[in-house]
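One structure below.
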Amino acid sequence: MNSMWRKVKSLLLTNRGIRQTVLKNTFWLFAGNVGSKLLRAALIIYAARILGTSEYGIFSYVVSLAGFFSLFSDIGLSPLLTRESVKNKERAREYIATTLFIKLGILIATVLFTVLVAPTFVTLPQARNLIPIAAILLAFDSIRAFGFAIVRAQNRMQIEATYIILTDIFITGISIPAISLVPASATLAMTYTIGSGIGSLLLFWKLRKYFKNIISSFNKRLIGYILGSAWPFAVIALLGAFMLNIDTIILGWFRSAHEIGLYGAAQRPVQLLYVFPSLFTASLFPIISKLVQAQATPKLKKVLETAITAMMGFAIPVAIGGILLGKQIIALLFGPAYLPATPTFQLLLVTILAVIPGGIVNNSIFAYNRQRVFIVSTIAGALTNVVLDLLLIPPYGIAGSAVATIISQFIVVSYNWMQLKRINPFHILPHIPKIVTASLAMALFTSALASLHIHILINIPISIAFYLGTLFLLKERLLLSEGKAVLALIFSKGQG
1 MNSMWRKVKS
11 LLLTNRGIRQ
21 TVLKNTFWLF
31 AGNVGSKLLR
41 AALIIYAARI
51 LGTSEYGIFS
61 YVVSLAGFFS
71 LFSDIGLSPL
81 LTRESVKNKE
91 RAREYIATTL
101 FIKLGILIAT
111 VLFTVLVAPT
121 FVTLPQARNL
131 IPIAAILLAF
141 DSIRAFGFAI
151 VRAQNRMQIE
161 ATYIILTDIF
171 ITGISIPAIS
181 LVPASATLAM
191 TYTIGSGIGS
201 LLLFWKLRKY
211 FKNIISSFNK
221 RLIGYILGSA
231 WPFAVIALLG
241 AFMLNIDTII
251 LGWFRSAHEI
261 GLYGAAQRPV
271 QLLYVFPSLF
281 TASLFPIISK
291 LVQAQATPKL
301 KKVLETAITA
311 MMGFAIPVAI
321 GGILLGKQII
331 ALLFGPAYLP
341 ATPTFQLLLV
351 TILAVIPGGI
361 VNNSIFAYNR
371 QRVFIVSTIA
381 GALTNVVLDL
391 LLIPPYGIAG
401 SAVATIISQF
411 IVVSYNWMQL
421 KRINPFHILP
431 HIPKIVTASL
441 AMALFTSALA
451 SLHIHILINI
461 PISIAFYLGT
471 LFLLKERLLL
481 SEGKAVLALI
491 FSKGQG
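Take the sequence shown: its position 185, counting from 1, is numbered 185 in the working numbering, and each next residue is one higher.
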């Protein structure tokens, strides 16, 4: 028993090598975020059914508004803190203190801006009344993101996992009874914010040792460097938040709260599908930063090829399977009232083919300190998104918004992909044909099961097993070799 505990502790609570550290980080981020998202999904599904499309649409609009303004409160400071703390461990406390002071100043300005300016362009009266709550929510979320940047720099994702779940336990535990008694968007917005605040305060109490002597650790000479390094990423983050939330805001100009509710329902499962790849990407970022710092280009090339291929191996079958089973997925999650969201959900699934591998590309460029590359791509993507939204939403509604999102996301990722290949010429094309072949075979199998009226909860796991079995038969070497290496790491005492 003691031997087993030592093995588990060695695998999941220490950092022993690249593969093991990535596995450990991914495990904890996956565990934390899956637990969190399941809790959040239970709340959202329950809320969508209890509140109805219009009230749920108001809530979705307010959350999008908070997400839109939250990036103004960070301007790229959190990922920059992670990167610099990894590169300069002896000066980590100076970076934490200085970055925190900058962040607090920007956060206060953002909250005031949200409360005073946002009401001027919000067209839904019910949503306008909830803007102060949205401002408080963005403050709590921004503070918690800063705390997570500190633990990621230490490769201690187990702390992040714990407090992600705790936050959502509070959000869900407070919200479900409250909206059962008072089913309104305002109730959900308030309880959502209270739970987020409790989680943020608990996290900062856990990290209190990092804030000892915070004033003496502050180094005003770092302000220029931090802002100079962060501003390109800030532009990207702001434009990224703009692209993520502008659809809902423009929908509010032209369409009803009912349609916003449908769009929110279509978005939720797709955003949930982003979770695992984003966790893998986050767990890989400190490793990529170290390899860049060590100028280990060949090793980093192999890491990129393996990671991006793995992400495509996830994205392609999920997009195809989700499109085929879209109607059943929406009906299962949200009920018959949300079935009109199905075409939009199926369209948005296409975005995972860009977003999922794009996360690794973006983090790699950032690790190389080439974040200025993002400015061109994100400006092009944001402008494309707005223009297409304005053209497509009036005649086509939420489906038009989904098409605008697809096109703009592919523009951004394609440009960034080309720029990374100039920095480090990786290649994944040799591995893609077998992934596509296995995905198409799975599509036929999934369609056959659906035609036999096999329940979706049975169809999905059987289809996953069929896809993995097909990959094995096709002998996709890169994914299989990495899978074997991870299994060997789990069941042995190797160094990873």
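Note that beta-carbon positions come from the ideal geometry of N, C-alpha and C, so glycine has one too.
Original post:
DSSP on I454, reduced to helix/strand/coil?
Top reply: Residue numbering aside, residue 454 sits at position 454 when the sequence shown is read from its first letter. Three-state DSSP puts I454 in coil, outside helix and strand.
Original post:
Can you tell me the Cα-Cα spacing of I249 and L65, whole angstroms?
Top reply: Looking up residue 249 in the sequence shown gives position 249. Looking up residue 65 in the sequence shown gives position 65. Distance between the alpha carbons of I249 and L65 is about 8 Å.
Original post:
Where do the ends of the alpha helix (DSSP H) carrying H184 lie?
Top reply: Taking the first residue of the sequence shown as position 1, residue 184 is located at position 184. Per the sequence presented here, residue 184 reads as Ala, with His not at that position. Careful: A184 lies outside any alpha helix (DSSP H) and carries neither H nor E.
**OP:** Using only alpha-carbon positions, find the residue among P177, F314, F410 and A331 that is nearest to Y467.
**Re:** Translated into the one-based positions of the sequence shown, residue 467 becomes position 467. Of the listed residues, the one whose Cα sits closest to Y467 is F314.
Subject >> Cβ pair Y274, V387 closer than 8 Å >> reply: For the purposes of this step, residue 274 is identified with residue 274 of the sequence shown, where counting begins at 1. For the purposes of this step, residue 387 is identified with residue 387 of the sequence shown, where counting begins at 1. No, they are not a contact pair.
Original post:
Where do the ends of the alpha helix (DSSP H) carrying S256 lie?
Top reply: Along the sequence shown, read from residue 1 onward, the residue named residue 256 stands at position 256. No alpha helix (DSSP H) contains S256, which DSSP labels as neither H nor E.
Subject >> Option in Q409, V63, I44 and I379 with minimal Cα separation from L138 >> reply: Within the sequence shown, residue 138 is the residue found at index 138, counting from 1. The shortest Cα separation from L138 among Q409, V63, I44 and I379 belongs to V63.
Original post:
What do you get for L188, buried or exposed, if any count of 16 or more other CB atoms within 10 angstroms of its CB means buried?
Top reply: Working through the sequence shown from its first residue, we reach residue 188 at position 188. Buried: at least 16 other Cβ atoms inside 10 Å.
**OP:** Go through the region 78 to 139 residue by residue and report every complete run of the beta strand (DSSP E) that reaches 3 residues or more, in order.
**Re:** none
Subject >> Residues near F410 by beta carbon distance below 6 Å, same chain, minus five either side >> reply: Your numbering for residue 410 matches position 410 in the sequence shown. Closer than 6 Å at the Cβ level, and outside the excluded window around F410, lie A354.
Subject >> Contact check, L392 vs S401, beta carbons under 8 Å >> reply: On the sequence shown, position 392 is the one that residue 392 refers to. On the sequence shown, position 401 is the one that residue 401 refers to. Yes, they are a contact pair.
Subject >> Nearest neighbour of A382, chosen from P394, S451, A404 and R370 [CA to CA] >> reply: Looking up residue 382 in the sequence shown gives position 382. Closest option to A382, Cα to Cα, is A404.
Original post:
Are S511 and I165 close, meaning C-beta to C-beta below 8 Å?
Top reply: Residue 511 is absent from the model: the chain starts at 1 and stops at 496.
Original post:
Is F491 helix, strand or coil when you go by DSSP?
Top reply: Your numbering for residue 491 matches position 491 in the sequence shown. Note that F491 has pLDDT 43, beneath the 50 cutoff, so the model's placement of it is unreliable and no number is given.
Original post:
Any idea what DSSP makes of V350, helix, strand or coil?
Top reply: Position 350 of the sequence shown, counted from the first residue, corresponds to residue 350. Note: V350 maps to coil in three-state DSSP.
Subject >> Three-way DSSP call (helix, strand, coil) for P269 in this model >> reply: Here residue 269 refers to the residue found at position 269 of the sequence shown. DSSP places P269 in helix when its eight states are reduced to three.
Subject >> Local conformation of L390 per DSSP, three classes >> reply: Your numbering for residue 390 matches position 390 in the sequence shown. DSSP places L390 in helix when its eight states are reduced to three.
Subject >> 8 Å contact criterion, which I308 and V436 should meet: CB distance rounded >> reply: Start at 1 with the first residue of the sequence shown, and residue 308 comes out as number 308. Start at 1 with the first residue of the sequence shown, and residue 436 comes out as number 436. Contact doesn't hold; Cβ gap of about 15 Å is too wide.
Subject >> Endpoints, alpha helix (DSSP H) assigned at L332 >> reply: As a first step, residue 332 must be located in the sequence shown, where it is residue number 332. Element bounds for L332: G326 to F334.
**OP:** Quick one: residues in its chain with C-beta nearer than 7 Å to the C-beta of L207, no 5 flanking neighbours on either side, listed in chain order?
**Re:** What you label residue 207 is simply residue 207 of the sequence shown in a count that begins at 1. If we look at L207 and ignore the five residues flanking it on each side, its Cβ neighbours are G147 and I150.
**OP:** Would you tell me roughly how many angstroms separate the C-alpha atoms of I215 and G228, rounded to the nearest one?
**Re:** One-based indexing of the sequence shown puts residue 215 at position 215. One-based indexing of the sequence shown puts residue 228 at position 228. If you take the alpha carbons of I215 and G228, they lie about 22 Å apart.
Subject >> Three-state class that DSSP yields for G496 in the structure shown >> reply: Numbered from its first residue, the sequence shown carries residue 496 at position 496. Residue placement at G496 cannot be trusted, given a pLDDT of 45 that sits under 50; what the coordinates show is reported in the next sentence. Three-state result, G496: coil.
**OP:** Indicate the three-state DSSP secondary structure (helix, strand or coil) for A294 in the structure shown.
**Re:** Locating residue 294 in the sequence shown gives position 294, where the first residue counts as 1. Correct three-state label for A294: coil.
**OP:** Can you tell me which of the three DSSP states K37 falls into?
**Re:** Taking the first residue of the sequence shown as position 1, residue 37 is located at position 37. In this structure, K37 counts as helix in the three-state DSSP scheme.
**OP:** Alpha carbon to alpha carbon, how far is Y368 from N424? Give it in angstroms, no decimals.
**Re:** Locating residue 424 in the sequence shown gives position 424, counting from the first residue. Locating residue 368 in the sequence shown gives position 368, counting from the first residue. Cα-Cα distance, rounded: 10 Å.
Original post:
What residue range is occupied by the uninterrupted alpha helix (DSSP H) comprising Y368?
Top reply: Against the sequence shown, residue 368 aligns to sequence position 368. Where Y368 is concerned, there is no enclosing alpha helix (DSSP H), given that its DSSP letter is neither H nor E.
**OP:** Can you grab the Cα-Cα spacing for the pair A266 / D141, in whole Å?
**Re:** On the sequence shown, residue 266 is found 266 positions in, with the first residue counted as 1. On the sequence shown, residue 141 is found 141 positions in, with the first residue counted as 1. If you take the alpha carbons of A266 and D141, they lie about 23 Å apart.
Subject >> Top-ranked residue by Cα proximity to G32, from R128, A127, I169 and I45 >> reply: Taking the sequence shown and counting its residues from 1, one reaches residue 32 at position 32. Here the closest residue by C-alpha is I169.
Original post:
Taking three-plus beta-carbon pairs below 8 Å as touching, is the region 441 to 448 in contact with the region 291 to 309?
Top reply: no
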